[in-house]
Amino acid sequence: MALVELIMPKMGESIMEATVLTWLKKEGDTIEQDESVLEVATDKVDTEVPSTHAGVLKEILAKDGDVIEVGKPIAIIATDGEDAGAPAAPKAETKAEPKPEVKVEANQPVAASNGAVQQAPVTSDRFYSPLVKNIAKEEGIPLSELDSLPGSGKDGRVTKNDIIAYVETRGSQPVAAPAAPAPESKPSTAVAKVPASISAGDEIIEMDRMRKMIAQRMVDSKRIAPHVTSFVEADVTNIVFWRNRMKNEFKKREGGNLTFTPIFIHAVAKAIKDYPMINVQVDGDRIIKKKDINIGMAVALPSGNLIVPVIRNADQLNLTGLANKVNDLAIRARDNKLSPDELSGGTFTISNVGSFGNVMGTPIIMQPQVGILALGAIVKKPAVIETPSGDAIAIRHKMFLSHSYDHRVVDGSLGGMVVRRVADYLERFEMDTDI
């Protein structure tokens, strides 16, 4: 016998808003508690929002395409079987005592209490999402210039795509002159577009939302961080023989496959503990040294896109724990069942290019991290080995490790030592290791 609001839930520490993709239920439908009622998209993942109450979907407040802040209502649910046709109870409005309004023109000097003259901050009545504000700040776009942008969102709101499109063409298109002088902005760093040639018979494929997001992040990373890559070849013969011996036992006991990935993550986590300055992030002129070691692992999706779930506190898991975590995240990633929290908070990333038959690669850093390691294919090679009776040539299993790092804060010595230490841990793997 009550009306309750369904609010946009918090979906991650850094998620401030979400875009409504589609409603799975329509007004008047009966819904169960925890039943999915709509799909939303964040800047990290698409996900379903479950109902917090059982009842009837009384009213949909957020339409497809609307950008809604976390904590804002998106629907009204009539609980305890209330008639869906009954009008919703009006919300009580609290009227505050009117305060004298003081209007200040932008950039107009304001007298301070001590008699000095201060500059009034530039403000705007127009709503901008935190993401739009961050992009504007990074690109040096002042508020007066931002106010002149036309928006394609609801009520003319500037969306992420609007400001990204503006940044790409900034400087080549006229912008409405602001009422007050705009502060000087730094020049755009956007790469000029080169038009593609289209011939008869060519197929034109529109990028989906995830591919657009990946493309923008890769361009941003190459623009932000000067990439350097160091390579090391590792002998992983012991690991190959050990896995071949243990995989059936693991499958029988745990129900999942024993892949090489958890072994690599285990070695990477130990190397990060040895060299903690690779586990950092850059914030302007500050270096943030991260306490937790959260390793992201790139997973290829059936659509051809890429997603990077994160294993939190990877250094605190043994091989069994890592193997189960890797299997769980990979399966749910391909089924689009990951939560936004499972895609955020990474401090270092690995990418297994060897799963596609590639011997090495030069991966692009996941911002704001400063390092990413590509794992090449394991191949048999003749190699010189030392024996008690002298050097000999033997067939060994070898792989290349490619470490890309941000040269703003990671020099070649650190970047090279990290990947060398990972290789050392792999080559020293003990055949009697338990799992």
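In the working numbering, the protein residues as written are 340 to 774. Positions of the beta carbon are idealized from the N, C-alpha and C atoms, including for glycine.
Check: Buried or exposed: residue 575, going by 16 or more other Cβ atoms within 10 Å of its Cβ?; Outcome: buried
Check: So does the stretch 568–583 actually touch the stretch 758–765, counting three or more Cβ pairs closer than 8 Å?; Outcome: yes
Check: With the cut-off set at 7 Å, would you say residue 376 and residue 390 are in Cβ contact?; Outcome: yes
Check: Between residue 343 and residue 418, how many whole angstroms is the CB-CB distance? I'm expecting something under 8 Å.; Outcome: 6 Å
Check: Between the Cα of residue 646 and the Cα atoms of 491, 556, 477, which residue gives the shortest distance?; Outcome: 556
Check: Just to confirm my understanding: we take residue 685, look at its own chain, exclude 5 residues before and 5 after, and list those with CB closer than 8 Å. What are they?; Outcome: 633, 634, 635, 647, 649, 705, 708
Check: Taking buried to mean at least 16 other C-beta atoms within 10 Å of its own C-beta, is residue 612 buried or exposed?; Outcome: exposed
Check: Can you tell me which of 716, 730, 715 puts its alpha carbon nearest to the alpha carbon of residue 722?; Outcome: 730
Check: Rounded to a whole number of angstroms, what is the C-alpha to C-alpha distance between residue 386 and residue 732?; Outcome: 54 Å
Check: Hey, out of 506, 712, 357, whose CA is closest to residue 618's CA?; Outcome: 712
Check: One question on the structure: do residue 775 and residue 401 come within less than 7 Å of each other, judged by their Cβ atoms?; Outcome: The chain is shown only over 340 to 774; residue 775 falls outside these bounds and no answer can be derived.
Check: Using the C-alpha atoms, what's the distance from residue 677 back to residue 499?; Outcome: 23 Å
Check: Go ahead and label residue 394 buried or exposed: buried means 16 or more other beta carbons lie within 10 angstroms of its beta carbon, across all protein chains shown.; Outcome: buried
Check: Beta-carbon separation of residue 604 and residue 661 under 7 Å?; Outcome: yes
Check: Going by C-alpha distance, which of 546, 506, 539, 543 is nearest residue 532?; Outcome: 506
Check: For residue 502 and residue 488, which I take to be in contact (beta-carbon distance under 8 Å), what is that distance rounded to the nearest angstrom?; Outcome: 7 Å
Check: Based on DSSP bridge pairs, tell me the residues matched to residue 620.; Outcome: 627
Check: Alpha carbon to alpha carbon, how far is residue 559 from residue 578?; Outcome: 37 Å
Check: If you run the structure through DSSP and keep just helix, strand and coil, what is residue 767?; Outcome: coil
Check: Just to check my reading of the structure: residue 717 and residue 699 have Cβ atoms closer than 8 Å, yes? What is that Cβ distance to the nearest angstrom?; Outcome: Contact flag wrong, Cβ pair sits at about 12 Å.
Check: Closest to residue 566 by C-alpha separation, out of 763, 750, 766, would be which residue?; Outcome: 750
Check: CB residue 399 to CB residue 366, shorter than 7 Å?; Outcome: yes
Check: Use the C-beta contact count for residue 727: other C-beta atoms within 10 angstroms, 16 or more gives buried, fewer gives exposed.; Outcome: exposed
Check: Who pairs with residue 710 in a beta bridge, going by DSSP?; Outcome: 744
Check: For residue 474, count the other beta carbons within 10 Å of its own beta carbon; 16 or more makes it buried, fewer makes it exposed. Which is it?; Outcome: buried
Check: Which residues in the same chain as residue 620 place their Cβ atom closer than 8 Å to its Cβ, once the five residues preceding and following it in sequence are excluded?; Outcome: 626, 627, 629, 686, 707, 708, 709
Check: What's the C-alpha gap between residue 582 and residue 673?; Outcome: 24 Å
Check: Going by beta carbon distance, what residues of the same chain come within less than 7 Å of residue 656, once the five residues before and after it are set aside?; Outcome: 664
Check: Tell me whether residue 601 is buried or exposed, calling it buried when 16 or more other Cβ atoms sit within 10 Å of its Cβ.; Outcome: buried
Check: At the level of alpha carbons, what is the spacing between residue 407 and residue 637?; Outcome: 29 Å
Check: Could you tell me the boundaries of the alpha helix (DSSP H) in which residue 397 lies?; Outcome: From DSSP, residue 397 is part of no alpha helix (DSSP H) but of the beta strand (DSSP E) over 394–399.
Check: With burial defined as no fewer than 16 other Cβ atoms inside 10 Å of the residue's Cβ, what is the status of residue 546: buried or exposed?; Outcome: exposed
Check: In this structure, what does DSSP give as the bridge partners for residue 576?; Outcome: None, per the DSSP bridge assignment.
Check: Could you give the distance in angstroms between the alpha-carbon of residue 753 and the alpha-carbon of residue 614?; Outcome: 8 Å
Check: Determine the contact status of residue 714 and residue 691, defining contact as a CB-CB distance below 7 Å.; Outcome: yes
Check: Rounded to whole angstroms, what's the CA-CA distance from residue 744 to residue 562? Just pull it up for me.; Outcome: 14 Å
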